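If you read the protein sequences in the order shown, they are chains A and B. Here the numbering used here is used: the first residue of the first sequence is 1, the next is one more, and so on. Here the numbering used here is used: the first residue of the second sequence is 1001, the next is one more, and so on.
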Amino acid sequence: MKTTILFVDDEVINLYVLEKRFQSDYNVIIAESAEEALEKINETKEELRAIISDMRMPGMDGLQFIEKVKQEKPDLPCFLLTGYDYSPKINEALASKTIIHLFKKPFEYQEIYSKLKEVI
Amino acid sequence: MAISGISLILMFPLTHTNYAKNLIPEAYIQTNSILSGVWIFSIVCTLTFLFQNAILARNKKIAKSMNQLKDTTQRMIQSEKMASLGMLSAGVAHEINNPLNFIKGGVEILENGLKDEKALKFDPNTSINVIREGLNRATAIVSSLNHFSRSNQKMDEKCHIHEILNNSLVMLQPRLKHKIKVQKDFDPTDLIVIGNEGKLHQAFLNIISNAEQAIPEKGTITVKTRNFPDKITVEIVDDGQGISEENLQKISDPFFTTKPVGKGTGLGLSITYQIIEDHKGSIEVQSEVGKGSQFILSFAV
């Protein structure tokens, strides 16, 4: 049985690539927004093992989303993707271990792969 | 000052013929009326010659100052462009990183697919499309940047208004998306203004950028173009906070800004006015506090 991971990004093509790249090793759930991701987390019966979310999205941003999920699942490993946003909020989240790692776009898929292997 | 002083003194005899006559003794005029006429004529000629020389010298000085002023204005326009490029670059970098990611991802999927035959269950064409989309987007961003940063002073380029508006919107995309709904209402004909493409990019970008900054949360920017027999119009309308009547009179003044330090130089609109004027155009602004602003640019054709 594959472990379940969740990708959140408003860029559909990024989602497509991530899904294709990781689907042979993981059960991949994708969502185009934080709001959709929250719904999918509630719906899924499998145990979610990791979240990788983009930072800049319409509506809730990646960090707000992760903080919200962590209220219910404090131990869930979460990662953030970002193109250029290095706000102090992200550094604080890294320091407080709210997020484990920050992937900077354009990221190495291998890097995501190995970071995931470390935590799952 | 010295020249102007002399010319004032010299002007008197020209306007007061009696005074000019006083230069020649009364008796002399009466006895030698023809000779006195020649005298007056030669005095007038000498004075005119001196006067003309003074005017020419001053005109030269004015021309030199005008050239210096033109030079400074050009340099100011260029500096303002560089300042806004700086402010845009972070967003543009982000916008280029996304398509780069597509390309990287597409290549990886293809590589993995080629390594492992089982993985070829997916359609390689989709990966190629992903890569192509990445290339197209990155190319579009870089080309709009290129148009913008061009710094020639030529005023005889064919400027395609719709292309310039689209490029400006691409460059502002990082700030617009998630926040602004952009409504394009373009005239079906290809609208062309003769002038400088780089500068028109700068002008349009300034106005659209201001419209975005005038909208605090979420809003709409409408970009409308129309083709009339005698003019081309470009309308940029936002539903942001608007400009007060008092500020409306000052928006074209250099260094006038209501934005916080670091957000605006106060040069954007004054330079935009200058650029549009150089293109035989005019700007009309209508605004209402709390409702939004409307910038109508008209170019004579």
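No residue lacks a Cβ here, since even glycine has one placed at the ideal position from N, Cα and C. Keep in mind it's a predicted model, so treat the numbers as computed, not measured.
State the DSSP-derived secondary structure class of residue i, mapped to helix, strand or coil.
{"i": "histidine 1162/B", "result": "helix"}
{"i": "valine 1223/B", "result": "strand"}
{"i": "lysine 1061/B", "result": "helix"}
{"i": "arginine 1137/B", "result": "helix"}
{"i": "glutamate 32/A", "result": "coil"}
{"i": "serine 1282/B", "result": "strand"}
{"i": "glutamine 1183/B", "result": "strand"}
{"i": "phenylalanine 1012/B", "result": "Since pLDDT at phenylalanine 1012/B reaches only 41, below the 50 mark, its modelled position is unreliable, and no value is offered."}
{"i": "valine 1142/B", "result": "helix"}
{"i": "asparagine 27/A", "result": "strand"}
{"i": "serine 1089/B", "result": "helix"}
{"i": "serine 1244/B", "result": "coil"}
{"i": "glutamate 1217/B", "result": "coil"}
{"i": "leucine 1151/B", "result": "Here residue 1151/B turns out to be serine, not leucine, going by the sequence shown. Looking at serine 1151/B - three-state DSSP - the assignment turns out to be coil, as it is neither helix nor strand."}
{"i": "aspartate 54/A", "result": "strand"}
{"i": "threonine 1048/B", "result": "helix"}
{"i": "leucine 1267/B", "result": "coil"}
{"i": "threonine 135/A", "result": "Within the shown structure, residues of chain A are numbered from 1 to 120, placing residue 135/A beyond reach of any answer."}
Between which two residues does the alpha helix (DSSP H) carrying residue i extend?
{"i": "lysine 73/A", "result": "Run containing lysine 73/A: none; DSSP gives neither H nor E here."}
{"i": "glutamine 110/A", "result": "109–119"}
{"i": "isoleucine 1194/B", "result": "Element bounds for isoleucine 1194/B: not the alpha helix (DSSP H) but the beta strand (DSSP E), 1192–1195."}
{"i": "leucine 18/A", "result": "12–22"}
{"i": "glutamate 92/A", "result": "88–95"}
With 16 as the cutoff for other CB atoms within 10 Å, does residue i come out buried or exposed?
{"i": "lysine 1259/B", "result": "exposed"}
{"i": "phenylalanine 1299/B", "result": "buried"}
{"i": "threonine 82/A", "result": "buried"}
{"i": "tyrosine 113/A", "result": "exposed"}
{"i": "arginine 1075/B", "result": "exposed"}
{"i": "phenylalanine 22/A", "result": "buried"}
{"i": "leucine 1035/B", "result": "exposed"}
{"i": "threonine 56/A", "result": "A quick correction: the sequence has arginine, not threonine, at residue 56/A. With 16 or more other Cβ atoms within 10 Å, it is buried."}
{"i": "valine 1237/B", "result": "buried"}
{"i": "phenylalanine 1082/B", "result": "Reading off the sequence, residue 1082/B comes out as methionine, not phenylalanine. By the 10 Å Cβ count, methionine 1082/B comes out exposed."}
{"i": "tyrosine 16/A", "result": "buried"}
{"i": "alanine 93/A", "result": "buried"}
{"i": "valine 1038/B", "result": "exposed"}
{"i": "threonine 1073/B", "result": "exposed"}
{"i": "threonine 1272/B", "result": "buried"}
{"i": "lysine 1115/B", "result": "exposed"}
{"i": "leucine 1088/B", "result": "buried"}
{"i": "threonine 1139/B", "result": "exposed"}
{"i": "threonine 1048/B", "result": "exposed"}
{"i": "arginine 1058/B", "result": "exposed"}
For a contact meaning CB atoms closer than 7 Å, what does residue i contact in chain B?
{"i": "valine 17/A", "result": "Phe1102, Gly1105, Gly1106, Ile1109, Val1130"}
{"i": "proline 58/A", "result": "His1178"}
Could you work out which residues of chain A lie near residue i, taking near to mean beta carbons separated by less than 9 Å?
{"i": "glutamate 1133/B", "result": "Ile13"}
{"i": "asparagine 1098/B", "result": "Glu11, Ile13, Asn14, Gly83, Lys105, Pro106"}
{"i": "histidine 1201/B", "result": "Under the 9 Å cutoff, chain A gives no residues; its nearest Cβ is about 22 Å from histidine 1201/B."}
Chain C beta carbons: is any one of them nearer than 7 Å to that of residue i?
{"i": "asparagine 1166/B", "result": "Among the chains of the structure shown, chain C does not appear; the protein chains present are A and B."}
I think residue i touches residue j, with their Cβ atoms under 8 Å apart; what is that distance to the nearest whole Å?
{"i": "phenylalanine 1295/B", "j": "isoleucine 1207/B", "result": "5 Å"}
{"i": "isoleucine 51/A", "j": "isoleucine 66/A", "result": "7 Å"}
{"i": "histidine 1178/B", "j": "proline 58/A", "result": "4 Å"}
{"i": "alanine 1214/B", "j": "isoleucine 1275/B", "result": "Between isoleucine 1275/B and alanine 1214/B the Cβ distance is about 20 Å, and since that is not below 8 Å, they are no contact."}
{"i": "threonine 44/A", "j": "tyrosine 26/A", "result": "Not really, about 13 Å apart at Cβ, beyond 8 Å."}
{"i": "glycine 1134/B", "j": "proline 1124/B", "result": "With a Cβ gap of about 16 Å, glycine 1134/B and proline 1124/B do not count as contacting."}
{"i": "glutamine 1241/B", "j": "glycine 1290/B", "result": "7 Å"}
{"i": "valine 1182/B", "j": "isoleucine 1232/B", "result": "With a Cβ gap of about 20 Å, valine 1182/B and isoleucine 1232/B do not count as contacting."}
{"i": "aspartate 1187/B", "j": "threonine 1225/B", "result": "5 Å"}
What are the boundary residues of the beta strand (DSSP E) that residue i is part of?
{"i": "lysine 104/A", "result": "101–104"}
{"i": "glycine 59/A", "result": "From DSSP, glycine 59/A is part of no beta strand (DSSP E); its letter is neither H nor E."}
{"i": "glutamate 46/A", "result": "From DSSP, glutamate 46/A is part of no beta strand (DSSP E); its letter is neither H nor E."}
{"i": "isoleucine 1251/B", "result": "Segment: none, isoleucine 1251/B is in no beta strand (DSSP E) and carries neither H nor E."}
{"i": "serine 1298/B", "result": "1292–1300"}
{"i": "leucine 6/A", "result": "4–8"}
{"i": "isoleucine 1236/B", "result": "1231–1238"}
Does the ligand HEM have a heavy atom nearer than 6 Å to the CB of residue i?
{"i": "aspartate 1187/B", "result": "No copy of the ligand HEM occurs in the structure displayed, which carries no ligand at all."}
Determine the chain B residues that contact residue i at a beta-carbon separation under 9 Å, and present them in chain order.
{"i": "proline 88/A", "result": "In chain order: nothing, as chain B lies at least about 15 Å away."}
I want to verify the contact list: residues of chain B whose CB lies under 8 Å from the CB of residue i, in sequence order.
{"i": "tyrosine 109/A", "result": "Lys1104, Gly1105, Glu1108"}
Determine the chain A residues that contact residue i at a beta-carbon separation under 8 Å, and present them in chain order.
{"i": "histidine 1162/B", "result": "Correct list: empty, because the minimum Cβ distance to chain A is about 26 Å."}
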